[in-house]
Ligand code: KG4
Ligand code: ZN
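In the working numbering, the protein residues as written are 3 to 364.
So, in structure tokens, the structure goes:
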């Protein structure tokens with residue numbers, strides 16, 4: 003079964019062809035970064051127009067990359083929520099037109115739920131290559147209910163995933179998303195764009211002391227599964243520029259080593275905050291016997307420290323960790339096609355009345 007996926011929720015226009023929900027035959031991501039750079043953020047109206055220009059070329063490139071013709075596609079999946087409404091509408095309209103003209107099923111997919119699916123994807127040949135190395139040849143299916151974590155530039159949420167169509171949000175950020183906090187901390191520390199990955203790199207400098215600065219890890223209420231990163235961000239600001247109105251000694255600029263240590267301390271605190279809430283959430287997700295799965299996704303799953311700590315924690319708890327391959331940590335359409343496949347298999351097709359929605363699913 004070949005599914006064409008389309009994604010246009012924010013500033014990336016993406017298309018992909020995925021076979022049987024697992025094997026990515028092609029994944030094209032066209033970024034609008036240069037278009038929005040001078041404004042310091044995504045301008046929704048510019049984003050929509052750029053999607054209109056990029057969506058069909060992305061689809062064509064995905065089809066030719068997969069070596070398939072449009073007539074061989076069995077269904078069209080599209081991210082229809084959440085995101086910028088004008089941007090979403092472009093992808094939804096393109097997907098509807100393609101599905102209608104091909105007389106094939108259409109399926110609307112929640113973008114954030116699709117991030118949870120991204121660890122299920124593998125690229126062509128990966129199975130064979132892993133087998134030859136003696137490693138894991140096939141990514142296992144999750145055992146439901148699974149624990150889910152999405153950490154990106156727009157979302158920081160924990161889920162109980164009862165099935166691919168029943169995803170229950172247990173907690174979310176009450177202020178900044180974790181990726182946003184990485185980007186803002188990077189800006190404060192004068193780390194060039196892209197902030198998150200470059201902060202990760204700086205924090206990984208040999209000799210970095212991740213305990214040099216005692217930064218706050220927000221706990222919120224004792225049983226809360228929500229996140230807050232604004233206090234951590236402010237602490238980085240004060241450590242860099244001094245506390246406004248402080249009567250203490252005059253603040254001196256950070257030395258290069260202190261800057262490295264502050265980046266490492268920030269990264270440690272941000273990752274600890276995620277692990278803290280995952281530990282709390284694990285008690286709320288019933289496990290069948292000794293099995294259990296942790297599904298993860300979103301741009302920040304590319305973070306070296308988070309990946310290592312998630313792996314260590316999952317191993318310690320006997321959880322199977324499904325981390326996306328680096329190419330599928332960012333917004334992409336392969337995760338949309340993959341989750342679309344599962345939803346269609348569960349009988350959840352959408353009709354031509356499918357609409358875009360800016361808000362997250364309940
Ligand atoms: O999933 P994504 O593309 O964002 C949304 O669609 O919301 O993720 C982008 C975010 C950015 O904030 C970026 O700085 C962060 O993921 N990011 C990282 C790393 N790579 C990307 N943050 C920390 N460490 C990284 N290695
Ligand atoms: Zn995303």
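Even for Gly, the Cβ is constructed at its ideal location relative to N, Cα and C. Treat the numbers as computed from the prediction; the structure is a model and nothing was measured.
Exercise. For residue 61, which residues of its own chain have a beta-carbon under 6 Å away from its beta-carbon, when the five flanking residues on both sides are left out?
Worked result: Residue mapping note: residue 61 aligns to position 59 of the chain shown, counting from 1. The answer, listed in chain order, is 17.
For this session: Sort out for me which residues DSSP pairs residue 130 with in a bridge.
Result: For this step, residue 130 is matched to residue 128 along the chain shown. Looking at the DSSP output, residue 130 shares a beta bridge with no other residue.
Exercise. Who are residue 322's beta bridge partners in DSSP?
Worked result: Translated into the one-based positions of the chain shown, residue 322 becomes position 320. Residue 322 is bridged to 295.
Exercise. Residue 162 bridges to which residues according to DSSP?
Worked result: Along the chain shown, read from residue 1 onward, the residue named residue 162 stands at position 160. Answer is 149, 170, bridged to residue 162.
For this session: Using alpha carbons as the reference points, say which of 159, 236, 267 lies closest to residue 176.
Result: Start at 1 with the first residue of the chain shown, and residue 176 comes out as number 174. Considering only alpha carbons, the answer is 159.
Exercise. Helix, strand or coil for residue 42 per DSSP?
Worked result: Numbered from 1 along the chain shown, position 40 holds the residue referred to as residue 42. It is coil, neither helix nor strand.
Exercise. If you drop the 5 nearest sequence neighbours on each side, which residues of the same chain put their C-beta closer than 8 Å to that of residue 218?
Worked result: Along the chain shown, one-based indexing puts residue 218 at 216. The beta carbon of residue 218 lies closer than 8 Å to those of 233, 234, 237, 271 in the same chain, with the five residues before and after it left out.
Problem set entry | Reference residue 163; option with closest CA among 118, 185, 197 | On the chain shown, position 161 is the one that residue 163 refers to. When each option's Cα is compared against that of residue 163, the closest is 118.
For this session: Within its chain, find whatever has a CB closer than 7 Å to the CB of residue 263; leave out the 5 residues flanking it on each side and keep chain order.
Result: Here the question's residue 263 lines up with position 261 in the chain shown. Here the set comprises 210, 211, 214, 215.
Exercise. Buried or exposed: which applies to residue 317, given that a residue is buried once 16 or more other Cβ atoms fall within 10 Å of its Cβ?
Worked result: In the chain shown, the residue the question calls residue 317 occupies position 315. It is exposed - the Cβ of residue 317 has fewer than 16 other Cβ atoms within 10 Å.
For this session: Taking only runs that begin and end inside the segment 223 to 256, name each unbroken alpha helix (DSSP H) of 4 or more residues, in chain order.
Result: 232 to 243
For this session: Return the residue from the list 157, 352, 308 that minimises the CA-CA distance to residue 199.
Result: One-based indexing of the chain shown puts residue 199 at position 197. Measuring from the Cα of residue 199, the nearest candidate turns out to be 308.
For this session: Can you give me the start and stop residues for the alpha helix (DSSP H) that residue 366 sits inside?
Result: One cannot answer for residue 366 here, as it falls past the ends of the chain, which runs 3 to 364.
Problem set entry | Contacts around residue 68, its chain only, beta-carbon distance under 6 Å, and the 5 residues preceding and following it disregarded | On the chain shown, position 66 is the one that residue 68 refers to. Cβ neighbours of residue 68 beyond the five flanking positions: 19, 27, 28.
Problem set entry | Counted within 10 angstroms of its Cβ, other Cβ atoms place residue 285 as buried (16 or more) or exposed | For this step, residue 285 is matched to residue 283 along the chain shown. With fewer than 16 neighbouring CB atoms inside 10 Å of its own CB, residue 285 falls in the exposed class.
Exercise. Under the three-state reduction of DSSP, which class applies to residue 31: helix, strand or coil?
Worked result: Looking up residue 31 in the chain shown gives position 29. It is a strand residue.
Exercise. How would you label residue 295, buried or exposed, when you count the other beta carbons within 10 angstroms and need 16 or more for buried?
Worked result: Position 293 of the chain shown, counting from 1, holds the residue named residue 295. Buried: at least 16 other Cβ atoms inside 10 Å.
Problem set entry | Cβ-heavy atom distance, residue 185 to the ligand ZN, below 6 Å | Here the question's residue 185 lines up with position 183 in the chain shown. No, Cβ of residue 185 sits at least 6 Å from all heavy atoms of the ligand ZN.
Problem set entry | Where residue 216 falls: helix, strand or coil (DSSP) | The count along the chain shown starts at 1 and reaches residue 216 at position 214. Here residue 216 sits in coil by DSSP.
For this session: Figure out for me which residue from 15, 346, 305 has the closest Cα to the Cα of residue 86.
Result: Position 84 of the chain shown, counting from 1, holds the residue named residue 86. Of 15, 346, 305, the residue nearest in Cα terms is 15.
Exercise. Is residue 332 near the ligand KG4, judged by its Cβ being under 6 Å from some heavy atom?
Worked result: Stepping through the chain shown from its first residue, residue 332 is reached at position 330. Yes; taking the cut-off as 6 Å, the Cβ of residue 332 has a heavy atom of the ligand KG4 nearer than that.
Exercise. Which class does residue 211 belong to by DSSP, given the choice of helix, strand or coil?
Worked result: On the chain shown, residue 211 is found 209 positions in, with the first residue counted as 1. Looking at residue 211 - three-state DSSP - the assignment turns out to be coil, as it is neither helix nor strand.
For this session: Run the CB neighbour count on residue 330, radius 10 Å, all protein chains shown included, and call it buried at 16 or more, exposed below.
Result: Working through the chain shown from its first residue, we reach residue 330 at position 328. By the 10 Å Cβ count, residue 330 comes out buried.
Exercise. Which residues in the same chain as residue 146 place their Cβ atom closer than 7 Å to its Cβ, once the five residues preceding and following it in sequence are excluded?
Worked result: Position 144 of the chain shown holds residue 146. Around residue 146: 163, 164, 165.
For this session: Measure the CB-CB distance between residue 105 and residue 191 and report whether it falls below 7 Å.
Result: As a working note, residue 105 is residue 103 in the chain shown. As a working note, residue 191 is residue 189 in the chain shown. Cβ distance not < 7 Å, so residue 105 and residue 191 don't count as in contact.
Exercise. Hey, residue 266 and residue 9: beta-carbon distance below 7 Å or not?
Worked result: One-based indexing of the chain shown puts residue 266 at position 264. One-based indexing of the chain shown puts residue 9 at position 7. For residue 266 and residue 9, no; Cβs fall outside 7 Å.
Problem set entry | Pair within 7 Å by beta-carbon distance, residue 125 and residue 97 | Taking the first residue of the chain shown as 1, we reach residue 125 at position 123. Taking the first residue of the chain shown as 1, we reach residue 97 at position 95. Taking 7 Å as the Cβ cut-off, residue 125 and residue 97 do not qualify as a contacting pair.
Exercise. Can residue 197 be considered in contact with the ligand KG4, in the sense that its beta carbon sits closer than 6 Å to one or more heavy atoms?
Worked result: Against the chain shown, residue 197 aligns to sequence position 195. For the ligand KG4, at least one heavy atom lies less than 6 Å from the Cβ of residue 197.
For this session: Please confirm whether any heavy atom of the ligand ZN lies closer than 6 Å to the CB of residue 352.
Result: Position 350 of the chain shown, counted from the first residue, corresponds to residue 352. No - the ligand ZN has no heavy atom lying nearer than 6 Å to the Cβ of residue 352.
For this session: Could you tell me whether any non-hydrogen atom of the ligand KG4 is closer than 6 Å to the CB of residue 304?
Result: Within the chain shown, the letter at position 302 stands for residue 304. At least one heavy atom of the ligand KG4 is nearer than 6 Å to the Cβ of residue 304, so yes.
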